[in-house]
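In full-length UniProt numbering, the protein residues as written are 1 to 203. Report on one structure; see the data block that follows.
Structural data, given as structure tokens:
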């Protein structure tokens, strides 16, 4: 695994939860630290890590889970599917390090990291019981109920992934019977803003 991953909290006692944060395209694990600290405060016994994709970004100096050059509604799913084994391997690596299973794992992803997290919930055996999607989307909307609980957090001023993607996902998840929440924040753009978690927690 990439040594650019950042362990934010490693409790001295045995962790009762693993929280894995996944960055956006062209970014790095540092970008998720604001959210990571909220999860640390939420559960002092959680092992919290902001992980690094192993793939350098082809649009900036950061990292990526898959290339966005030439990405379309028609080829996004194939790119996600190709990237999924590496993503799952990274989650499994940290589950082994923390000695925590999928039932006690949370993935919190932003943008492209949220896409990967959401898409992992479509697997027959998802790697995490709980997923937080910040400014994210599904590559394609799910067609079957997920075993994961999904929290969609989105800003109304997001011009990269418009908020209607989150509302459509929430509607579909509810129709399928997947446990899901939708938190929409007025005026927030495409960013992993801690205010999203405060609003989610308050409601």
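Backbone N, C-alpha and C define an ideal beta-carbon position, used for all residues, glycine too.
Distance between beta carbons of residue j and residue i, contact taken as under 8 Å
i	j	result
residue 60	residue 26	4 Å
residue 17	residue 106	7 Å
residue 45	residue 85	With a Cβ gap of about 30 Å, residue 45 and residue 85 do not count as contacting.
Range covered by the beta strand (DSSP E) that runs through residue i
i	result
residue 168	Counting along the chain, residue 168 falls outside any beta strand (DSSP E), though it belongs to the alpha helix (DSSP H) covering 164-176.
residue 199	Note, residue 199: premise wrong, no beta strand (DSSP E); alpha helix (DSSP H) at 194-202.
residue 47	46-51
residue 133	130-134
residue 143	Neither: residue 143 is in no beta strand (DSSP E) and is coded neither H nor E.
residue 160	Looking at the DSSP string, residue 160 is not in any beta strand (DSSP E), and its letter there is neither H nor E.
residue 19	17-22
DSSP state of residue i mapped onto helix, strand, coil
i	result
residue 2	Since pLDDT at residue 2 reaches only 48, below the 50 mark, its modelled position is unreliable, and the value read off the structure follows with that caveat. Coil at residue 2, not helix or strand.
residue 186	coil
residue 74	coil
residue 80	helix
residue 180	strand
residue 153	strand
residue 30	helix
residue 56	strand
residue 69	coil
residue 191	coil
residue 10	coil
residue 125	coil
Backbone CA spacing between residue i and residue j [nearest angstrom]
i	j	result
residue 125	residue 43	25 Å
residue 116	residue 153	15 Å
residue 131	residue 12	25 Å
residue 203	residue 38	16 Å
residue 180	residue 197	15 Å
residue 143	residue 175	10 Å
residue 127	residue 7	19 Å
residue 68	residue 74	13 Å
residue 23	residue 99	23 Å
residue 70	residue 177	34 Å
residue 149	residue 183	14 Å
residue 47	residue 140	31 Å
residue 145	residue 64	28 Å
residue 21	residue 78	23 Å
residue 104	residue 129	6 Å
residue 31	residue 55	16 Å
residue 170	residue 185	15 Å
residue 28	residue 162	23 Å
residue 66	residue 83	6 Å
Start and end residues, alpha helix (DSSP H) containing residue i
i	result
residue 119	112-120
Near the ligand ATP: residue i beta-carbon under 6 Å from a heavy atom
i	result
residue 140	Among the components of this structure there are no ligands whatsoever, and the ligand ATP is therefore not found.
Next on the checklist: For the pair the region 48-65 and the region 155-172, tell me if three or more CB-CB distances fall below 8 Å.
Outcome noted: no
Checklist entry - Does the region 134-147 come close enough to the region 181-198 to have 3 or more Cβ pairs within less than 8 Å? => result yes
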